[in-house]
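I have placed the structure first, in the form of structure tokens, so that the comments after it can refer back to it.
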Amino acid sequence: MSYKLDKKGFIINEGNKNKIQKKYLPSFKKISSFLIKELGKNLVSIYLRGSGSTGEVIPNISDLDVIVITNKNILKKKLIYFSKVFKKIEKEYIQDVELEVTIVSLKDFYKSQRYKNLRIYIKTRSVLLYGSDVVKKISKIRVGKELSLEIYQDIKKEINHLRKIFLGKIKNPSYLNESRPIKFWCVWTMRTLLRFGLGIVMLDDKIYTSDLKDCYKIFSKKYPQYKKEMKKALYLSVNPTSDKNFLVNYLETFGKNLFYLWEAKIMENQGFNEKAYSKIGIEGTYVSGFKFIRNLLRNLKTKKVLDYGSGAGRSSVFLKSLGAEVFAVDISEKMVALGNKINRDIPFKLIKNKKIPYGNNTFDIVFSSFVHVGISSISKMTRLNKEIFRVVKKNGELIILTINPQMWGKDYISTTSIFPKEFRGISGDKVEVILKQNPPMRFFDYYWEKSDYQKSLLDSGFNKIKFFIPKSTEKTKTPPYLIIVVKKY
Ligand SMILES: C[S@@+](CC[C@H](N)C(=O)[O-])C[C@H]1O[C@@H](n2cnc3c(N)ncnc32)[C@H](O)[C@@H]1O
Numbered sequence: 018m019s020y021k022l023d024k025k026g027f028i029i030n031e032g033n034k035n036k037i038q039k040k041y042l043p044s045f046k047k048i049s050s051f052l053i054k055e056l057g058k059n060l061v062s063i064y065l066r067g068s069g070s071t072g073e074v075i076p077n078i079s080d081l082d083v084i085v086i087t088n089k090n091i092l093k094k095k096l097i098y099f100s101k102v103f104k105k106i107e108k109e110y111i112q113d114v115e116l117e118v119t120i121v122s123l124k125d126f127y128k129s130q131r132y133k134n135l136r137i138y139i140k141t142r143s144v145l146l147y148g149s150d151v152v153k154k155i156s157k158i159r160v161g162k163e164l165s166l167e168i169y170q171d172i173k174k175e176i177n178h179l180r181k182i183f184l185g186k187i188k189n190p191s192y193l194n195e196s197r198p199i200k201f202w203c204v205w206t207m208r209t210l211l212r213f214g215l216g217i218v219m220l221d222d223k224i225y226t227s228d229l230k231d232c233y234k235i236f237s238k239k240y241p242q243y244k245k246e247m248k249k250a251l252y253l254s255v256n257p258t259s260d261k262n263f264l265v266n267y268l269e270t271f272g273k274n275l276f277y278l279w280e281a282k283i284m285e286n287q288g289f290n291e292k293a294y295s296k297i298g299i300e301g302t303y304v305s306g307f308k309f310i311r312n313l314l315r316n317l318k319t320k321k322v323l324d325y326g327s328g329a330g331r332s333s334v335f336l337k338s339l340g341a342e343v344f345a346v347d348i349s350e351k352m353v354a355l356g357n358k359i360n361r362d363i364p365f366k367l368i369k370n371k372k373i374p375y376g377n378n379t380f381d382i383v384f385s386s387f388v389h390v391g392i393s394s395i396s397k398m399t400r401l402n403k404e405i406f407r408v409v410k411k412n413g414e415l416i417i418l419t420i421n422p423q424m425w426g427k428d429y430i431s432t433t434s435i436f437p438k439e440f441r442g443i444s445g446d447k448v449e450v451i452l453k454q455n456p457p458m459r460f461f462d463y464y465w466e467k468s469d470y471q472k473s474l475l476d477s478g479f480n481k482i483k484f485f486i487p488k489s490t491e492k493t494k495t496p497p498y499l500i501i502v503v504k505k506y
């Protein structure tokens, strides 16, 4: 269940002493009396946080999280002794779940970066077991983008740290003064990823929970292409593995994908990043599209080819590698400038007032990759195709590399795409696209079906339409590209 919010969007703490499951009460009594004896005046408060505070502990799945706040830092030696005592209490009084006791000084609790998540957790779901209510002083937590940014600002570091543990680069990794086995870190990783998934959703939606199953459900509903991996995280959070290779791989694939999603979402207001786009090559997901075209065109020696919507020249360089004399045009000034700077042997020219700066019947071939899919209406697409028609020689061809509409909503090595809320699966619907590169890029394309391209191209004067859908290089995946070849007679 998602956490309840008040009218202003602040999370309501539903923790309550009366909700604590009775069977756990003796253990808390024991912990309190032990700490009172050991710490005396230095003991400030004891909290129970998370599912324990709302009586929702699930045997063998949840933890009992006790937070002890002290007046001063406790020596490590003493902490080690304490954890031994807590282990004993756990054995004697609890049995069906693990007891985790965190001891932190009041100063660190309020100020330290290390405890920023703990502050949020306690503020949103906890109950005071003993002492004074120091949590009152922490500001209320409002669900949404800011909270997500606060919790996950260091997620990259965290994922990398976990990766190092599984790679064996960190010896005897410990938590709460105890060295923990790989299975513990597996659970930790999976919980982190499940919560991080919710954090990504929280960048758009006002929703919060600490229940891992709900994190999974909320995330998978919004990002169905990652449902399988997130389900695995949920499974492994309860049935951990000690297979280090698997865990490293899981972090390097799924963990990285989540990170790309997160970064791209955060950068969403920064517009199209021409510089970042100019750095991508034709590897990864792109291979199948460009490889097919290479086989289709083979040798372009003596051919004059126009790269329509060239960007900074990724596709122009590809055409040049096939031997063609290449001319590049684009509507973006920035792209044209970058193109001329990076690829000095190809002329990049600007399309002004929708006019290609070349005469009628100039090119043997016009090639256009990933331009049509970014056009927002069929009438605009037809206007563009008509202008291309003008510059193609008689018997010349237009070759379009675009997106197979079945690709949308799926995940690939280099790209992931998401159906936004308003997506209906109807021609012209927007799709959110994230290019997985450093830094990741996010923009919108449009859902066009074969029949939409067909109509527009025939209306523009082209003939003899042929469609090709080359297989994906990522074995089990839907072919990502659609290639269209048309002739001018
Ligand atoms: C996704 S990039 C593709 C660049 C290049 N063809 C490639 O495959 O890497 C799309 C490019 O199309 C350009 N573009 C967008 N609308 C256009 C239009 N109506 N006419 C020409 N170029 C356009 C953009 O400026 C951008 O450089």
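In the working numbering, each residue carries its 1-based index in the sequence shown increased by 17. C-beta atoms are modelled at their ideal positions from N, C-alpha and C, and glycine is treated no differently.
Which residue's Cα is closest to the Cα of residue i: the options?
i: lysine 230; options: Asn189, Ser79, Tyr169; result: Ser79
i: histidine 389; options: Ile348, Gly413, Tyr429; result: Ile348
i: valine 218; options: Cys203, Phe236, Phe183; result: Phe236
i: lysine 21; options: Leu401, Arg159, Lys105; result: Arg159
i: glycine 67; options: Arg131, Lys181, Arg136; result: Arg136
i: aspartate 462; options: Lys54, Gly445, Asp469, Tyr470; result: Gly445
i: phenylalanine 27; options: Ile224, Lys238, Tyr127, Leu268; result: Ile224
i: glutamine 423; options: Gln242, Phe460, Leu145, Leu179; result: Gln242
i: threonine 206; options: Thr226, Ser254, Phe485; result: Ser254
i: valine 151; options: Ile176, Asn88, Leu96, Glu117; result: Asn88
i: serine 327; options: Ile297, Gly340, Thr302; result: Ile297
i: leucine 210; options: Glu246, Tyr294, Lys397, Asn189; result: Glu246
i: phenylalanine 183; options: Glu291, Lys46, Glu404, Asp260; result: Asp260
i: proline 76; options: Arg197, Asn59, Gln112; result: Gln112
i: lysine 249; options: Lys505, Lys239, Gly272; result: Gly272
i: leucine 81; options: Asn134, Ser393, Leu65; result: Leu65
i: serine 19; options: Arg142, Val85, Val61, Gly69; result: Arg142
i: isoleucine 120; options: Lys95, Lys108, Gln130, Tyr110; result: Lys95
Quick check on DSSP: helix, strand or coil for residue i?
i: leucine 427; result: Note that residue 427 is lysine in the sequence shown here, rather than leucine. Lysine 427 falls in the coil class under three-state DSSP.
i: serine 62; result: strand
i: isoleucine 91; result: coil
i: aspartate 231; result: helix
i: lysine 320; result: coil
i: isoleucine 224; result: coil
i: leucine 96; result: helix
i: isoleucine 28; result: strand
i: lysine 239; result: helix
i: leucine 116; result: strand
i: tyrosine 252; result: helix
i: tyrosine 506; result: coil
i: leucine 215; result: helix
i: serine 129; result: coil
i: tyrosine 110; result: helix
i: asparagine 138; result: It should be pointed out that residue 138 corresponds to tyrosine in this sequence rather than to asparagine. Note: tyrosine 138 maps to helix in three-state DSSP.
i: serine 259; result: coil
i: serine 327; result: coil
i: serine 333; result: helix
i: serine 19; result: coil
i: leucine 499; result: strand
Where residue i and residue j are concerned, what is the direct C-alpha to C-alpha distance, given to the nearest angstrom?
i: serine 386; j: alanine 345; result: 12 Å
i: glycine 185; j: leucine 264; result: 12 Å
i: glutamate 449; j: threonine 433; result: 9 Å
i: isoleucine 420; j: leucine 278; result: 20 Å
i: proline 437; j: glycine 426; result: 9 Å
i: leucine 123; j: isoleucine 63; result: 11 Å
i: arginine 331; j: tyrosine 375; result: 21 Å
i: isoleucine 53; j: tyrosine 169; result: 35 Å
i: lysine 358; j: aspartate 221; result: 38 Å
i: asparagine 378; j: arginine 180; result: 57 Å
i: leucine 145; j: isoleucine 435; result: 42 Å
i: leucine 166; j: isoleucine 176; result: 16 Å
i: isoleucine 48; j: isoleucine 106; result: 8 Å
i: leucine 215; j: valine 83; result: 24 Å
i: isoleucine 172; j: leucine 268; result: 12 Å
i: isoleucine 486; j: proline 496; result: 7 Å
i: leucine 116; j: lysine 104; result: 8 Å
i: glutamate 55; j: isoleucine 37; result: 25 Å
i: isoleucine 416; j: valine 502; result: 5 Å
i: glutamate 73; j: asparagine 30; result: 14 Å
Requested in this report: List in chain order: all unbroken alpha helix (DSSP H) runs of 4+ residues lying wholly within the stretch 142 to 207.
Outcome: 162 to 169, 172 to 183
Query raised in the report: Taking the runs of the alpha helix (DSSP H) that are 4 residues or longer, which of them lie wholly in the stretch 344 to 420?
Result: 350 to 359, 395 to 408
Requested in this report: Only counting runs of 3 or more residues, tell me where the beta strand (DSSP E) segments fall wholly within the stretch 433 to 496, in order along the chain.
Outcome: 447 to 452, 458 to 463, 480 to 485
**Report entry** Minimum length 4: unbroken alpha helix (DSSP H) runs contained in the stretch 261 to 313
**Finding:** 261 to 267, 273 to 283, 291 to 295
Query - 4-residue-minimum alpha helix (DSSP H) runs that sit fully inside the stretch 31 to 82, ordered along the chain - result: 42 to 56
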